[in-house]
Amino acid sequence: MEWREGEETRMGKNGYLPLFETRPARGLVFFRSYAASIFIGICFICFHRVSYFPVTERWVWVGMFVAELWFSFYFFVTVIVKWNPVFRSTFKDRLSSRYEEEELPGVDIFVCTADPRLEPPTMVVSTVLSVMAYDYPPHKLSVYLSDDGCSDLTFYALLEASGFAQLWLPFCRKLKVEPTSPEAYFQTTPEPVDDAFMANEWLIIKKTYEDMKTRIGSMTRLGKVPADIRKEHKGFDEWDFVVSRHDHPSILQILIDGRDPNAIDIEGKALPTLVYLAREKRPQIHHNFKAGALNALIRISSRISNAPFILNVDCDMHSNDSKAIRDALCFFLDEENGREIGYVQYPQTFGNLTKNEIYGSLRVVMKLELAGFDGNGGPCYIGTGCVHRRESLCGMKYSKELVVEWKAMKYDRKIIEKASSIEGNCKALASCTYEENTPWGKEMGVKYGCVVEDILTGICIQSRGWRSVYLTPQREAFLGMVPTTLLDTLVQHKRWAEGDFQIFQSKLCPFVYGCQNMPLKLQFSYCIYLLWAPNCFATLYYVFVPSFCMLKGISLFPKISSSWGMPYLYVIVVHRVHSLVEFVWLGGTVRGWLNEQRMWMFKRTTSYFFAAIDNILKLCGFSKSAFIITGKVADDDVNRRYEQESMEFGTSSPMFTALATLALFNLFGLVVVGTNKAINDDARIKVFDIFGFQILLCCVLVFVNLPIYQGMFFRKDSGKIPASTTLRSIAFALLASTLAMY
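If you number the sequence shown the way this note's numbering does, the last residue is 1118 and the count never jumps.
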């Protein structure tokens, strides 16, 4: 599928104007020249490694060469991804002129939550309210909340939100509110002062929202819903049969029935359908985590609203642009290219990043790499902020003959079946045994068997012939939350890396499963993420072995005075300078780039290493997949340190032990070389000439690890590295140093 620049002025085959345009990225000549020069430098390095093969210590030299070959391969994959990025823009005015409000298709919106302790109900309902308030015909919207925690607290919060929506939606229309999340809106938008009437209404709505938050917060702290409140809605009766969050029947409640003429806001306008679902769970039956929840929603929604398009968002990913659905429909409803689009992926952006992104960010991934995927055939599915065509998500293969007559589906507010009847009839669709001996999770719906079900599902959709597009609008469509501690960040990336590498090792690897319908360049593009885990081995070798060999007096690089040092110096410096320029060009800061480099090393030496080990254990039958929910709440001290960009440790973890051991080992190596060998100026010059590259690498690693040293020796707050972790790391580092010197 090729969409070229200038489509906004090119008429379609039938004389129509397209609903979107595609533009190539700027500066490609610069990037391609840089990539070519790095490739030449890599060739010189390889020639040096082969030509100057040492007689002794050859296995260490071979290890360095293999690590550099791996880095070269990964650089090659990165170049493929960034070779031809494309950027899309839409024409919503053309969509509005071409389709009347009643002709627009329905959209089902899925919001998933799993644990009210980690994902507070107030945050969940703020996200739900944000998508209910889209600038779209409300009777064409149906919002479904999947609660895998089966919490009556979450149900109570959603019940409160269904009442507040009667005020919030008219308020959003009247003031053209952005963002439509009440929490985000009232935090970022001041009271209007130029209109006394609107200012008064603004204060009323804010007070109503704050009162609702207080009630939900009180219930959450109490840990249960009081009996008198339970009597107010029949839905609470369902919790009489709940044994635990892992052992309960299906709970389905239609809180707002959009087909009901009485389901209106205070201005008499229709409200979107709002549905609560807690699918059945039993201890002896695997529930397939988020993938199972999404598949239950697909089936339930097909019975209630059956909209042709499905938007799914995480519960912490609130809408930031009320026109996001119209943007996505510009792709699906384009007469020439729309039929082959399976999903439209929005970037995953965050609202709680610090100025310098202390734990790194997905800035380059979201702003450049996924645009590169788009230029190579289509972005991967990243699990949130994605609008799917229902047919593509349900396992249908793309065919040019496929025609979905959604336009003929007229909206009718007549109630064919009562909500209570639908609730009873649909519960079976969310039972834990419904999928037995069915294609669900294999050929239909979101894929099972992998902790990154999103990436795997996207590969399968693309392998069935569907195309995907990536849209980065000027105003971010969604804003989520990043982890606010180092451990949460590392654990999250471990899960991603583990799942990605699991896909690469399986029969669903793009090179196997997608070879017929996915372009080869897209298959290679996936390697940039699928090979995160094995990246750890080359990185660990480079972080540990050069310092180890320096202590033993073994040189692994050319002398500083040798001309063969130039290719190494050129590749290292130019590659990093390009990375800095790229990061700043994408809106980051220089200090943010330094933090990104630090986290790049931390993730490769811990998250990816443990992910690789888990994959090996899984292949040997010693481990099983587990879905870990990233916490969305933290205490005040943690939040304060996060805002001050002070790295949070605070607890013992094997990951922290590994980081601290490597940091101390490189520090010991630098100290030993500086004190024992640099006795006089002549000796210092000689040592630096022979071990210059290893000393520079060691200095860089010590600089990168400065927060580790601070956390071990200088900080006194509760966010420091625990003393037990520090002592273990010192012991391991001293042992390694002793082995190197003796």
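The beta carbon of each residue, even a glycine, is placed where N, CA and C say it ideally should be.
Any non-hydrogen atom of the ligand MN within 7 Å of residue i CB
i      : result
ARG606 : Absence of the ligand MN is noted for the structure shown, with no ligands found whatsoever.
As assigned by DSSP and simplified to three states, the class of residue i
i       : result
MET772  : coil
ALA646  : strand
GLY856  : strand
LYS786  : Note on LYS786: pLDDT 46, under 50, position unreliable in the model; the coordinate value appears next. Coil at LYS786, not helix or strand.
GLY754  : coil
ASN638  : coil
LYS803  : helix
LYS1053 : Legend: pLDDT at LYS1053 = 49, less than 50; position of this residue unreliable, no value from coordinates given.
PRO1199 : Past the edges of the chain, shown from 377 to 1118, lies residue 1199, and the structure says nothing about it.
TYR735  : coil
TRP379  : Because TRP379 sits at a pLDDT of 47, beneath the cut-off of 50, its placement in the model cannot be relied upon, and the point is left open.
ALA667  : helix
TRP961  : helix
ALA1099 : helix
GLU384  : Confidence is the limiting factor: at GLU384 the pLDDT is only 42, short of 50, which leaves the residue's position unreliable, though a coordinate-based value still follows. GLU384 falls in the coil class under three-state DSSP.
ASP692  : coil
ARG843  : strand
GLN721  : strand
HIS624  : strand
Span of the beta strand (DSSP E), counted from its first residue to its last, around residue i
i      : result
THR489 : 483-489
THR466 : 462-466
GLY539 : Segment 528-551 is the alpha helix (DSSP H) holding GLY539; no beta strand (DSSP E) there.
PHE396 : 396-400
Endpoints, the alpha helix (DSSP H) within which residue i is located
i       : result
LEU1035 : 1030-1048
VAL436  : 434-458
GLN629  : Segment 627-632 is the beta strand (DSSP E) holding GLN629; no alpha helix (DSSP H) there.
HIS764  : Per DSSP, HIS764 belongs to no alpha helix (DSSP H); it is in the beta strand (DSSP E), 762-765.
ASP523  : Run containing ASP523: none in the alpha helix (DSSP H); it sits in the beta strand (DSSP E), 517-523.
PHE900  : 896-906
THR590  : 572-598
ALA873  : 862-881
PRO558  : 558-564
Exposure of residue i, with buried meaning 16 or more beta-carbon neighbours within 10 Å
i       : result
MET942  : exposed
PHE429  : exposed
CYS891  : exposed
ALA1039 : buried
PRO625  : buried
ALA988  : buried
LEU993  : exposed
ARG380  : With a pLDDT of only 43 at ARG380, under 50, the local geometry of the prediction cannot be trusted, and the value read off the model is given with reservation. ARG380 is exposed by the Cβ-count criterion.
SER882  : exposed
PHE998  : exposed
ASP750  : buried
HIS515  : buried
ASN813  : exposed
SER473  : exposed
VAL888  : exposed
PHE573  : exposed
ASN801  : exposed
ASN638  : exposed
Among the options, nearest to residue i - alpha-carbon criterion
i       : options                          : result
VAL720  : SER1105, VAL689, HIS764          : HIS764
THR709  : ARG470, ALA411, LEU404           : Note that residue 709 is Leu in the sequence shown here, rather than Thr. Considering only alpha carbons, the answer is ARG470.
LYS468  : GLU397, ARG408, PRO514           : GLU397
THR915  : LEU1077, ARG851, THR1051         : LEU1077
ILE627  : PHE1064, TYR652, PRO723          : TYR652
LYS773  : TYR810, TRP842, SER695, THR809   : TRP842
HIS869  : TYR585, SER844, TRP908           : TRP908
SER844  : VAL858, TYR1018, LEU769          : LEU769
CYS903  : HIS622, ILE592, PRO755           : PRO755
MET595  : ASP528, THR565, TRP544           : ASP528
THR503  : LYS582, LEU995, HIS694           : HIS694
ARG715  : ARG1017, LEU746, ARG766          : ARG766
LEU1115 : ALA1099, ILE640, LEU1072, SER923 : SER923
GLN973  : GLY736, ARG702, TYR561, LYS897   : GLY736
SER392  : VAL741, GLU711, ASP1011          : The identity of residue 392 in the sequence shown is Tyr, whereas the question assumes Ser. Comparing Cα-Cα distances from TYR392 to each of VAL741, GLU711, ASP1011, the minimum goes to GLU711.
ILE485  : SER678, PHE920, VAL601, TRP940   : SER678
ARG739  : LEU884, TRP976, MET508, ILE632   : TRP976
HIS622  : ALA654, VAL1049, GLY599          : ALA654
With contact counted as at least three CB pairs below 8 Å, one residue from each stretch, are the segment 437-456 and the segment 820-836 in contact? no
The segment 513-527 / the segment 489-497 touching (three or more Cβ pairs under 8 Å): yes
Quick check: the segment 945-959 against the segment 921-929, are at least 3 beta-carbon pairs closer than 8 Å? no
Is the segment 602-613 in contact with the segment 658-667, if contact means three or more CB pairs nearer than 8 Å? no
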